[in-house]
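**Student:** Under full-length UniProt numbering, read the sequence shown as residues 1 to 267, first letter to last. For every residue, glycine included, the Cβ atom is placed at its ideal position computed from N, Cα and C.
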Amino acid sequence: MKVGLFGANGRMGRVLIEALDQSDQAELSVATVRDDSPWVNMNVGELAGIGKQAIDCSAMSSLTAKDADVMIDFTLPVIFETNIAWCVEHKMPVVIGTTGLSEAQLATLDEAAKQIPIVFAANYSVGVNLMLSLVRQAASVLGHTADIEITEAHHRFKQDAPSGTAMAIGEAIADELGRDLKTCAVYGREGKEPERDQGTIGFATVRAGDIVGEHTALFADIGERLEITHKASSRLTFAKGAVHAAQWLHGKDAGPYSMVDVLNLKL
1 MKVGLFGANG RMGRVLIEAL DQSDQAELSV ATVRDDSPWV NMNVGELAGI GKQAIDCSAM
61 SSLTAKDADV MIDFTLPVIF ETNIAWCVEH KMPVVIGTTG LSEAQLATLD EAAKQIPIVF
121 AANYSVGVNL MLSLVRQAAS VLGHTADIEI TEAHHRFKQD APSGTAMAIG EAIADELGRD
181 LKTCAVYGRE GKEPERDQGT IGFATVRAGD IVGEHTALFA DIGERLEITH KASSRLTFAK
241 GAVHAAQWLH GKDAGPYSMV DVLNLKL
């Protein structure tokens with residue numbers, strides 16, 4: 001199966017090149033960068049630091065529907081609409097890992113999924129998606145009496161906060177409890193505040209060094225607390241999950257899919 005990449009020069013783009021190089025069932029067929037990028041015509045293997053490969057990075061404007069069976073997009077919100085519009089125009093299935101999308105962009109994604117198959121997830125690791133199932137179970141048992149806090153840490157370069165994964169954890173918990181995360185989330189505390197409202201879900205964010213990704217859901221009651229934590233030590237975990245999603249998506253009908261569908265998880 002031929003897999004194409006948007007934004008091959010990004011941090012995740014380079015790791016996806018490595019993941020595809022290690023795959024037995026999918027191969028990298030095209031790797032795009034901006035038309036004015038200095039990486040145009042650079043060998044993808046040299047870009048990813050894995051040795052010379054068979055293809056070079058190509059300008060986005062040269063991309064055609066014949067170049068890939070499925071595209072993967074881990075770029076930035078600023079380019080998301082251009083990429084999704086190209087996929088819709090060319091009836092191209094796409095795996096999207098871009099986080100920090102606005103409400104309008106999420107609506108664009110939903111509209112696109114009426115025409116093409118799309119896997120969209122905040123995190124493509126198996127462990128994180130299992131965590132989403134575990135926090136639901138914890139919320140169903142403890143959520144009505146415990147205080148719930150979500151903490152996350154990422155590298156200094158990450159732009160969106162809280163992370164998409166932290167928000168997905170919060171959404172899973174809120175949904176299980178019948179709450180609206182938009183109204184019950186607390187994203188920062190400072191100075192004197194009244195006693196904590198047990199109905200809220202708190203978020204705390206750390207950005208430092210080269211932390212790949214750490215997420216904890218805390219359920220704290222009087223006398224005991226439960227912590228569910230996932231720690232990633234390599235971006236290759238996310239990249240391999242995205243490649244698996246691309247293989248799964250090939251040949252699917254138009255519609256919105258998630259890693260719950262890809263992994264057949266029971267939530």
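Taking H155 as the reference, give the member of G45, I201, E214 and H230 with the closest Cα.
**Tutor:** Taking the first residue of the sequence shown as 1, we reach residue 155 at position 155. Among G45, I201, E214 and H230, the Cα nearest to that of H155 belongs to E214.
**Student:** Below 8 Å on the Cβ atoms is my contact criterion, and I expect A112 with A246 to pass it. Report the Cβ-Cβ distance as a whole number of Å.
**Tutor:** If you number the sequence shown from 1, residue 112 lands on position 112. If you number the sequence shown from 1, residue 246 lands on position 246. Actually they are not in contact, since the Cβ atoms of A112 and A246 sit about 16 Å apart, beyond 8 Å.
**Student:** Do W248 and V260 have their beta-carbon atoms positioned less than 8 Å apart in this structure?
**Tutor:** Translated into the one-based positions of the sequence shown, residue 260 becomes position 260. Translated into the one-based positions of the sequence shown, residue 248 becomes position 248. No. Outside cutoff.
**Student:** With distances taken from CA atoms, which of R189, F219 and F74 is nearest A8?
**Tutor:** Looking up residue 8 in the sequence shown gives position 8. Of the listed residues, the one whose Cα sits closest to A8 is F74.
**Student:** Going straight from the alpha carbon of T108 to that of A121, what length do you get?
**Tutor:** Translated into the one-based positions of the sequence shown, residue 108 becomes position 108. Translated into the one-based positions of the sequence shown, residue 121 becomes position 121. Approximately 15 Å, taken between the alpha carbons.
**Student:** Are the CB atoms of E171 and L181 within a distance shorter than 8 Å?
**Tutor:** Here residue 181 is taken as the residue at index 181 of the sequence shown, counted from 1. Here residue 171 is taken as the residue at index 171 of the sequence shown, counted from 1. Taking 8 Å as the Cβ cut-off, L181 and E171 qualify as a contacting pair.
**Student:** When the cut-off is 8 Å and only beta carbons count, does T229 lie next to chain B?
**Tutor:** Within the model displayed, chain B is absent; a lone protein chain is all it includes.
**Student:** Spatial neighbours of residue 282 within its chain, please: C-beta separation below 8 Å, excluding the five flanking residues on both sides.
**Tutor:** The chain is shown from 1 up to 267; residue 282 falls before or after that span and cannot be answered.
**Student:** Decide if E152 is buried, meaning its Cβ has at least 16 other Cβ atoms within 10 Å, or exposed.
**Tutor:** To locate residue 152, count along the sequence shown from 1; it is residue 152. With 16 or more other Cβ atoms within 10 Å, it is buried.
**Student:** Can you round the beta-carbon distance between T200 and V212 to whole angstroms, since I take them to be within the 8 Å contact cut?
**Tutor:** What you label residue 200 is simply residue 200 of the sequence shown in a count that begins at 1. What you label residue 212 is simply residue 212 of the sequence shown in a count that begins at 1. Going by Cβ atoms, the distance from T200 to V212 rounds to 28 Å, so no, they are not a contact pair.
**Student:** Tell me where the beta strand (DSSP E) around residue 268 begins and ends.
**Tutor:** The structure shown does not extend to residue 268, since the chain is modelled only from 1 to 267, so the question has no answer here.
**Student:** At what residues does the beta strand (DSSP E) containing D147 begin and finish?
**Tutor:** Here the question's residue 147 lines up with position 147 in the sequence shown. D147 to H154 is the span of the beta strand (DSSP E), which, as asked, contains D147.
**Student:** To the nearest angstrom, report how far apart S233 and D210 are at their CA atoms.
**Tutor:** By one-based count along the sequence shown, residue 233 stands at place 233. By one-based count along the sequence shown, residue 210 stands at place 210. Using only the alpha carbons, I get a separation of about 10 Å.
**Student:** Quick check: the stretch 134-149 against the stretch 72-90, are at least 3 beta-carbon pairs closer than 8 Å?
**Tutor:** Contact between the stretch 72-90 and the stretch 134-149 is absent, because fewer than three Cβ pairs lie under 8 Å.
**Student:** Using a threshold of 8 Å, state whether the C-beta atoms of Q159 and G97 are closer than that.
**Tutor:** Position 159 of the sequence shown, counting from 1, holds the residue named residue 159. Position 97 of the sequence shown, counting from 1, holds the residue named residue 97. No. Outside cutoff.
**Student:** Beta-carbon separation of L236 and A19 under 8 Å?
**Tutor:** Numbered from 1 along the sequence shown, position 236 holds the residue referred to as residue 236. Numbered from 1 along the sequence shown, position 19 holds the residue referred to as residue 19. Going by C-beta atoms, L236 is nearer than 8 Å to A19.
**Student:** Does the separation of the CB atoms of L16 and A242 fall below 8 Å?
**Tutor:** Locating residue 16 in the sequence shown gives position 16, counting from the first residue. Locating residue 242 in the sequence shown gives position 242, counting from the first residue. In contact: L16 and A242 (Cβ atoms closer than 8 Å).
**Student:** Looking at the structure shown, is H244 part of a helix, part of a strand, or coil, going by DSSP?
**Tutor:** For the purposes of this step, residue 244 is identified with residue 244 of the sequence shown, where counting begins at 1. Helix.
**Student:** Can you list, in chain order, the residues of its chain with a C-beta nearer than 6 Å to that of V206? Leave out the 5 residues immediately preceding and following it.
**Tutor:** Looking up residue 206 in the sequence shown gives position 206. Answer for V206: A153, listed in chain order.
**Student:** So V119 and V88 are supposed to be a Cβ contact under 8 Å. How far apart are they, rounded?
**Tutor:** Working through the sequence shown from its first residue, we reach residue 119 at position 119. Working through the sequence shown from its first residue, we reach residue 88 at position 88. Not confirmed; about 15 Å, so no contact.
**Student:** Since E224 sits in a beta bridge, which residues does DSSP pair it with?
**Tutor:** Reading the sequence shown from its first residue, position 224 is the one you call residue 224. Per DSSP, D221.
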